[in-house]
Each structure stands twice: as C-alpha cells, then as structure tokens.
Amino acid sequence: MTIRQLLETIKETHDCKQADLDLVEQAYNFAETAHLSQKRSTGDDYIEHCLQTANSLAELKLPISMIAAGLLHDVPEDTKFTLENIKTEFGSDIASMVEGITKLGRIKYRGIDRYVENLRKMFVAMAQDIRVVLIKFADRLHNLQTLYALPADKQKRIAQETLEIYAPIANRLGIGELQSKLEDAAFKYAYPDDFNKTEQLIKNNFPIKKKTLNNMVRKIKNKLDKDDIKYYDIYGRTKHYYSFFRKYQKYHNDIKQIYDLVAMRIIVDSVADCYAVLGIIHNVWKPIRGRIKDYIAQPKPNGYQSLHTAVFGDDQEIVEIQIRTQKMHDQAELGIAAHWQYKEFQKVSKKEVEWVQELAEWLKQIGDNNRFLEGAKIDVFQNRIFVFTPQGDVIDLPDGATPIDFAYHIHTEIGNKCSRSLINNEIVALDHRLKNGDVVQIVTDKNRKGPNPEWLNFVKTRTARQHIETQKNKNWKKFIPKFSK
Numbered sequence: 001m002t003i004r005q006l007l008e009t010i011k012e013t014h015d016c017k018q019a020d021l022d023l024v025e026q027a028y029n030f031a032e033t034a035h036l037s038q039k040r041s042t043g044d045d046y047i048e049h050c051l052q053t054a055n056s057l058a059e060l061k062l063p064i065s066m067i068a069a070g071l072l073h074d075v076p077e078d079t080k081f082t083l084e085n086i087k088t089e090f091g092s093d094i095a096s097m098v099e100g101i102t103k104l105g106r107i108k109y110r111g112i113d114r115y116v117e118n119l120r121k122m123f124v125a126m127a128q129d130i131r132v133v134l135i136k137f138a139d140r141l142h143n144l145q146t147l148y149a150l151p152a153d154k155q156k157r158i159a160q161e162t163l164e165i166y167a168p169i170a171n172r173l174g175i176g177e178l179q180s181k182l183e184d185a186a187f188k189y190a191y192p193d194d195f196n197k198t199e200q201l202i203k204n205n206f207p208i209k210k211k212t213l214n215n216m217v218r219k220i221k222n223k224l225d226k227d228d229i230k231y232y233d234i235y236g237r238t239k240h241y242y243s244f245f246r247k248y249q250k251y252h253n254d255i256k257q258i259y260d261l262v263a264m265r266i267i268v269d270s271v272a273d274c275y276a277v278l279g280i281i282h283n284v285w286k287p288i289r290g291r292i293k294d295y296i297a298q299p300k301p302n303g304y305q306s307l308h309t310a311v312f313g314d315d316q317e318i319v320e321i322q323i324r325t326q327k328m329h330d331q332a333e334l335g336i337a338a339h340w341q342y343k344e345f346q347k348v349s350k351k352e353v354e355w356v357q358e359l360a361e362w363l364k365q366i367g368d369n370n371r372f373l374e375g376a377k378i379d380v381f382q383n384r385i386f387v388f389t390p391q392g393d394v395i396d397l398p399d400g401a402t403p404i405d406f407a408y409h410i411h412t413e414i415g416n417k418c419s420r421s422l423i424n425n426e427i428v429a430l431d432h433r434l435k436n437g438d439v440v441q442i443v444t445d446k447n448r449k450g451p452n453p454e455w456l457n458f459v460k461t462r463t464a465r466q467h468i469e470t471q472k473n474k475n476w477k478k479f480i481p482k483f484s485k
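Under the numbering used here, the first residue of the sequence shown carries the number 1, and numbering increases by one thereafter.
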C-alpha cells in the first residue's frame, strides 16, 4: 500500500478538507523517517504495516486524528523517536493516543498470566480512551494478515488470543465488520482443520444458494421500484467462515439448520419503510414461523438494529433477509465507531461506554487471575438476552441469568431483600433461567436480613455475585466475635 492509496480511501470515506489530508501525509512522512530501513518478518518495509493499520481505520470512517495516530502507533516502541517528539509535531491529542497504544504494548507473560494481563490492559485502555483500542484492533488485523511469516506456535497463540479477547470485545462494541475480519483471519491459524472443513462446506453449498439469492434480489428490486419505496442498496452476502463454524457446531453439524449461509440485506430510507418492506417480502415469499425478529423495537445490547426474517424463497431455498436504514447499517458494521460519523466526530460519551468503565475499575482491583477471568467472561464473552421490567424497561443480562441477577441489576437492596419472583405473571423459582422477552417482577421482603449464600451457586452476573459475597463476608465478621467469646 502507498500513501496515495491511503489518501484515496480517506477521500472516499470522509468529508474532509485539504488540511486533513495534509495531516495524514505529515504523519506518514514522520513514520516513514522513523521506521526507515526497518523490515517486518514478511520482508516488507515496516511502513507497510503502518499504512495498512491507518487504512483499516479510514475504512471504519474514524476521525483523521485517529488515522494519523494509526500511522504513528509503533514509533515510540520501535524507533529512536519519542512520545515527546510526536507531541511537539502533532499535538497532545494524537500523542495521547499513541501513548495509550504503547502502554498496551507487548505483554511479557505466558499462559493464563499473559491472557489475563492482556485482558486487564485492554479494559483499562478502553475506559481511559476507547480510541486507543480501536487503533489496536486495526493493528491486530494487519498482524493477523501477515501471520504466515511467523512460527507455528506464535501463529496459534496470536490467533487464539484474537478469538478469545479481541473479537468478543469488538462484538460488544458493535463493530460487526471488524469482528468478522478478525475472526476469519484468526480462524485458519487457531483451528486449521475446522477452517478447511468449513471452507469446503461453504464452497459446496454456496453456488446453488447464490443463484436463488440473485433471482430474489432482482424480484424485490422490481417490487420496491413499482411501489415507489426508496432503497439505498439490496444485495446478497455469504456468512463469514467463523460465524458459520460456530453455528454449524451449535446445530450438531446439520447444515440444513443454518438458514443464513446466504442472506439478503435491504437498506432503506426510514423505519416505516423497513416495516413496509417486511410486509412486501411476506407477500412474495412464505415466511418461516418463529424466524421474524424485530431488533428495531428491541435493539441488541451493543446497539444493533434491524428486522430479520427467513422465508422459503425461489426453489424453496431458505433465505434470511435483513432490513435496516442506512444509519442502522452503519451502526451494525461500525458499532461504537459510527458515533463519530453521527456526532460530528466528538468522543463517545461516558454513558455509551459505561459498561467498559465500570468493568475496568472493578477488574483493576482484582489480583486473583481466576476471579478476573470469571468476571470478564460474565460481562463480555457471554451471549446476552433482553428481559423487561413490568414498566417495559429493557434490561440486558447474560444468557442463563436468573431473577436474582435481574434483581441486583435493578438495585442492590432489591437483590438483598428478594423473596420470590414472577415471570410473565407466573411464580417461578429464584434459580429459573430467564429467556428473551420475559417480563420479570421481583417481590421483596423488608424483614429479610440479606441474600442467601446458596444463590452463589446459580447467579450469572458479576454484580449479583459481588453483592452476595459482600453480604456473606459481613455476616461472617459479625459471627466470629460471638463465636470467640
């Protein structure tokens, strides 16, 4: 890649001024001088990595300052130039981002210690400046694309770390485009046999489905043109390899259960048009019962919105269809990165990354690695469900959560005083597993002294576990003096 190609990407993705392009070119010249004569393990000039990192950031439509920081991200760690040099040349904001990336740096640990320390640093970095982690993702993506030049043991370690840490965080931040790229690039190195099988399965099944899909795209375009419904794009897509692999495992290796190997995506002008198009589709093709999902009315925890349906298409092939507005599409592909596009490139507000900040603060205080991993996996790496309060508020919880988790999510005292629960107006046990769409009501007992320690056997959230353990420890402290008399 050349600087000219990077500048062309920026012109295509940004409404930028000449001063913006000049800043990027200035950062490139600085990085090229700093990395002069340095080579990557592939044999490429080091500046190639800087350009590829910056290009990924440009494709995500991130601010020019972040693209400049992407060009400069390895300068302090790998060259004679310092952060102070960068600050003098580019100002404190860009220098701050580069410093954050440098702090993430190379982890000097192995096994669980390395894994935990990397996680810890990622969360702390996110809480301080989310931009740093987005640049780190772009850096990691190009490193994955050049893994072929590394020894096999390093390939596997970096790939697995990507699947276990980077991709789940990208998913939680809603950056679907980047998540898929990270997963697919890592998949073939982390699990080469599974990758080869997946590749063959998709190649064998895709041509038939693609022909059906192309015919359906033509039909729906004609129908929307006739009904005078404006659309920005209608196209077919193939499921990403790693996403397909996980779903294939989920359905016990039965490819007939995977309805979205290929899918149609329809991008329209308004929310009203989304529902209008859904009605048109169901008039043309028979919908599959139970496969209609309204993520517009009930967005996913990471902000994702779309209408999903699956239909018996032409030749009775099952095809999934996603319908969304342009803004929803940007949110789905770019996630938290899309906020810069729709908020005049301001920083993401504290509320929007509140879960990151709270989690980072808690994780910083934990010394025990196993407890750290347990907390992180609960909050980030589990699937999420939506349930409702009786007032209709949406509550986001991990899959497998119970009424006790719900109670502590609402308020500590509601959790501590919880005596029974009603799900959809029916009394259920406190260890009952909640499902998407449940309406949850908690009944409290003001005379209750505190939580039952046995709740620790089934609660799923960090918050619930933390409060129950706190009360348990308080009770022990009260008990010990009496016992010692």
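Don't be surprised by glycine CBs; every beta carbon is placed ideally from N, CA and C.
The C-alpha of T444 lies about 49 angstroms from the C-alpha of P63. In this structure, T42 and T212 do not form a Cβ contact; the two beta carbons are roughly 40 angstroms apart against a cut-off of 8 angstroms. Cα atoms of K472 and G450: separation of roughly 9 angstroms, rounded to the nearest angstrom. Bounds of any beta strand (DSSP E) do not take in R157; it lies within the alpha helix (DSSP H) bounded by 152-161. DSSP places S419 in the strand class (E or B) of the three-state scheme. Selection L141, L60, D405 evaluated against D184 yields L141 as nearest (Cα-Cα). Here N171 has Q179 as same chain residues with Cβ atoms under 6 angstroms from its own Cβ, once five neighbours each way along the sequence are excluded.
Comparing alpha carbon positions, the residue from T402, V284, K181 closest to V217 is V284.
If you draw a straight line from the Cα of H432 to the Cα of K103, it comes to about 43 angstroms. Approximately 7 angstroms separates the beta-carbon atoms of L434 and T402; this is inside 8 angstroms, confirming the contact.
Judged by beta-carbon spacing, L71 lies beyond the 8 angstroms limit of E177, meaning their Cβ atoms are not closer than that value.
For G313, there is no enclosing alpha helix (DSSP H), since its DSSP letter is neither H nor E. The alpha-carbon of V440 is positioned some 20 angstroms away from that of D294. With a cutoff of 8 angstroms on beta-carbon distance, R448 and S421 are scored as not near each other.
Relative to F388, the option among L182, D405, D438, A429 whose CA is nearest is D438.
In the same chain as G279, and ignoring 5 residues on each side of it, no C-beta atom comes closer than 6 angstroms to its own. Just measuring C-alpha positions, the residue of N424, Q305, L201 sitting nearest T238 is L201. Of the residues assessed, I169 falls on the buried side of the cut-off, its CB having 16 or more other CB atoms within 10 angstroms.
Between the beta-carbon of A54 and that of F90 there is about 14 angstroms, and that puts the pair past the 8 angstroms contact cut.
Look at I202 here: in three-state DSSP terms it is helix. Each residue's CA atom was taken as its position, placing N457 and K11 some 55 angstroms apart.
Close CB contacts of L7 within its chain, under the 6 angstroms cut and outside five residues either way in sequence, are with L21 (chain order). The straight-line gap separating the alpha-carbon atoms of R324 and I292 is approximately 14 angstroms.
Judged by DSSP in its simplified three-state form, L83 adopts helix. Put simply, of D78, L397, R131 the residue whose alpha carbon is nearest the alpha carbon of G100 is R131. Our two residues, S306 and I234, have alpha carbons roughly 14 angstroms apart in a direct line. The Cβ atoms of Y46 and K39 lie closer than 8 angstroms to each other. In this structure, A31 sits near C50, with a CB-CB distance shorter than 8 angstroms. In terms of CA proximity to D74, Q52 leads the group Q52, T88, T162, G392. Per DSSP, the continuous alpha helix (DSSP H) segment holding T102 begins and ends at 92-104.
Buried is the label assigned to I404, since at least 16 other Cβ atoms lie within 10 Å of its Cβ. Between H282 and the set A159, V24, F386, K223, the nearest pair of CA atoms involves K223. The beta carbons of D193 and I229 sit no closer together than 8 angstroms. Here F195 has F187, K188 as same chain residues with Cβ atoms under 6 angstroms from its own Cβ, once five neighbours each way along the sequence are excluded. Residue ranges of uninterrupted beta strand (DSSP E) with 3 or more members, entirely inside the segment 213-247 and ordered along the chain, are 231-238.
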